[in-house]
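Asks: Using my numbering, the letters of the sequence shown map in sequence onto residues 58 to 337.
For every residue, glycine included, the Cβ atom is placed at its ideal position computed from N, Cα and C.
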Amino acid sequence: MSQRNIELHRRFIEAYNTRDVEAFVACFDPDVEFHSAFTAVSGAVYRGRDELRNLFRDVEDAWDEIHIEPESYFDLGEHTLAFALLQGRGRHSGADVVMPFALVARWRDGLATSYRSYNRRADALSDLGVSETELEPIEPVSANLDLVRSIYADWERGDFSSADWAHPEIEFVVADGPEPGRWTGLARMAEAWRDVLSAWQVYRIKTDEYRELDGSQVLVLLHAVGGRGKVSGLELGQTRDEGANILHIRGGKVTRLVTYFDRDHALADLGLAPEGDSER
Numbered sequence: 058m059s060q061r062n063i064e065l066h067r068r069f070i071e072a073y074n075t076r077d078v079e080a081f082v083a084c085f086d087p088d089v090e091f092h093s094a095f096t097a098v099s100g101a102v103y104r105g106r107d108e109l110r111n112l113f114r115d116v117e118d119a120w121d122e123i124h125i126e127p128e129s130y131f132d133l134g135e136h137t138l139a140f141a142l143l144q145g146r147g148r149h150s151g152a153d154v155v156m157p158f159a160l161v162a163r164w165r166d167g168l169a170t171s172y173r174s175y176n177r178r179a180d181a182l183s184d185l186g187v188s189e190t191e192l193e194p195i196e197p198v199s200a201n202l203d204l205v206r207s208i209y210a211d212w213e214r215g216d217f218s219s220a221d222w223a224h225p226e227i228e229f230v231v232a233d234g235p236e237p238g239r240w241t242g243l244a245r246m247a248e249a250w251r252d253v254l255s256a257w258q259v260y261r262i263k264t265d266e267y268r269e270l271d272g273s274q275v276l277v278l279l280h281a282v283g284g285r286g287k288v289s290g291l292e293l294g295q296t297r298d299e300g301a302n303i304l305h306i307r308g309g310k311v312t313r314l315v316t317y318f319d320r321d322h323a324l325a326d327l328g329l330a331p332e333g334d335s336e337r
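Below, the structure is given as structure tokens:
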């Protein structure tokens, strides 16, 4: 599903900017061919994940500071294209740099099999055989989506401690699973979360996709990647572990959070087709 590829493209840029090496490498196929225009004067090529880890060392050798600021994304089927600004300071020259450039990734089964950055955007368009007038841009992350992504970045690390993102009168709903329920307010939500988490020795999630449904709702598709029941000893993965959350946002705060253990249940409540019936 091409929208999924756009989300993955966003994800590896975010991992690059935060220097999260393993999250970055996980976005790429084990046999990826990665062409960087910025880690050496004439560029550099990294083949495979082991070589790709060296990218961050080479970046530190070349730059005191470096950051990618996405401007727009383009969905080209098996390829995604991003226009972005590179902002940095050369380690040896000390010169501040602000440079428009392009990034192209090719995707297969949720992993980037090839990647190339271009100093000149026109060169990227030429290699892809398209003109800029043909492209329909997908804008960078909205404020709501940016908020949701920051919440789940903490949760993926197993850090459920912060509630700065929640409205004081947030409504927390567990729509299905063994103990559905509804709670209102930060204190009640925190109590409910503790009850859920206390059933597990370890609990980890991984987001699969973010979908901005409208100006106030974001759908998050996720799955459990680790956990063991304290009483049952059951490992997550032995049960159905693909879920979803729906977040309602107003004024920069989450006012309602609905949790589903059954992803198809969430999609049905939203009037969306189950994933098996839609193109992935």
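Does DSSP put E135 in a helix, in a strand, or in coil?
Replies: Reduced to three states, the DSSP call for E135 is coil.
Asks: Beta-carbon within less than 7 Å of H322's beta-carbon, same chain only, minus the 5 sequence neighbours each way: which residues are those?
Replies: So the list reads A232, D233, once near-sequence residues are dropped.
Asks: Just to confirm my understanding: we take S171, look at its own chain, exclude 5 residues before and 5 after, and list those with CB closer than 6 Å. What are they?
Replies: Result list for S171: E90, R163, in chain order.
Asks: Between which two residues does the alpha helix (DSSP H) containing V78 stretch?
Replies: Taken as a continuous stretch (DSSP letters only), the alpha helix (DSSP H) holding V78 covers 78-82.
Asks: Flag this pair as touching only if the segment 116-123 and the segment 147-158 have three or more C-beta atom pairs under 8 Å; answer yes or no.
Replies: A contact exists between the segment 116-123 and the segment 147-158.
Asks: Where does T75 sit, in a helix, a strand or coil, going by DSSP?
Replies: Note: T75 maps to coil in three-state DSSP.
Asks: Are A200 and A220 close, meaning C-beta to C-beta below 8 Å?
Replies: Not closer than 8 Å, so no.
Asks: Would the segment 208-219 and the segment 260-272 be scored as touching if the rule is three or more Cβ pairs under 8 Å?
Replies: As far as the Cβ criterion goes, the segment 208-219 touches the segment 260-272, which means the pair count is three or higher.
Asks: For R104, which three-state DSSP category applies?
Replies: Looking at R104 - three-state DSSP - the assignment turns out to be strand.
Asks: Do you know how far the Cα of L112 is from the Cα of A181?
Replies: Going by the C-alpha atoms only, they are around 21 Å apart.
Asks: If we count the other Cβ atoms within 10 Å of its Cβ and call it buried at 16 or more, is S342 buried or exposed?
Replies: Lying outside 58 to 337, the shown extent of the chain, residue 342 is not represented and no answer is given.
Asks: DSSP three-state call for D121: helix, strand or coil?
Replies: If DSSP states are grouped into helix, strand and coil, D121 belongs with the strands.
Asks: Which class does W64 belong to by DSSP, given the choice of helix, strand or coil?
Replies: Checking the sequence shown, residue 64 turns out to be Glu, not Trp. Note: E64 maps to helix in three-state DSSP.
Asks: State the DSSP-derived secondary structure class of R177, mapped to helix, strand or coil.
Replies: The answer is coil: DSSP assigns R177 none of H, G, I, E or B.
Asks: Where does G145 land, buried or exposed, given buried means 16+ other C-beta within 10 angstroms?
Replies: G145 comes out buried.
Asks: Look at R320 and L278 and say whether their C-beta atoms are less than 8 Å apart.
Replies: It is a contact, given that the beta carbons lie within the stated cut-off.
Asks: In chain order, what residues of the same chain have a beta carbon less than 6 Å from the beta carbon of D115, not counting five sequence neighbours either side?
Replies: Here the set comprises T96.
Asks: Out of Q60, A72, F318, L204, state which residue places its alpha-carbon closest to the alpha-carbon of S273.
Replies: Cα-wise, what sits closest to S273 is L204.
Asks: Once DSSP output is grouped into helix, strand and coil, what is the label at E128?
Replies: Residue state, collapsed to three classes: strand.
Asks: If we ignore side chains and look at the alpha-carbon of each, how far apart do V275 and E71 end up?
Replies: The alpha-carbon atoms of V275 and E71 are separated by roughly 19 Å.
Asks: With a threshold of 7 Å, establish whether the CB of D107 neighbours any heavy atom of the ligand PLP.
Replies: Ligands in the displayed structure: none, and consequently the ligand PLP is not present.
Asks: Is A281 helix, strand or coil by DSSP?
Replies: It is a strand residue.
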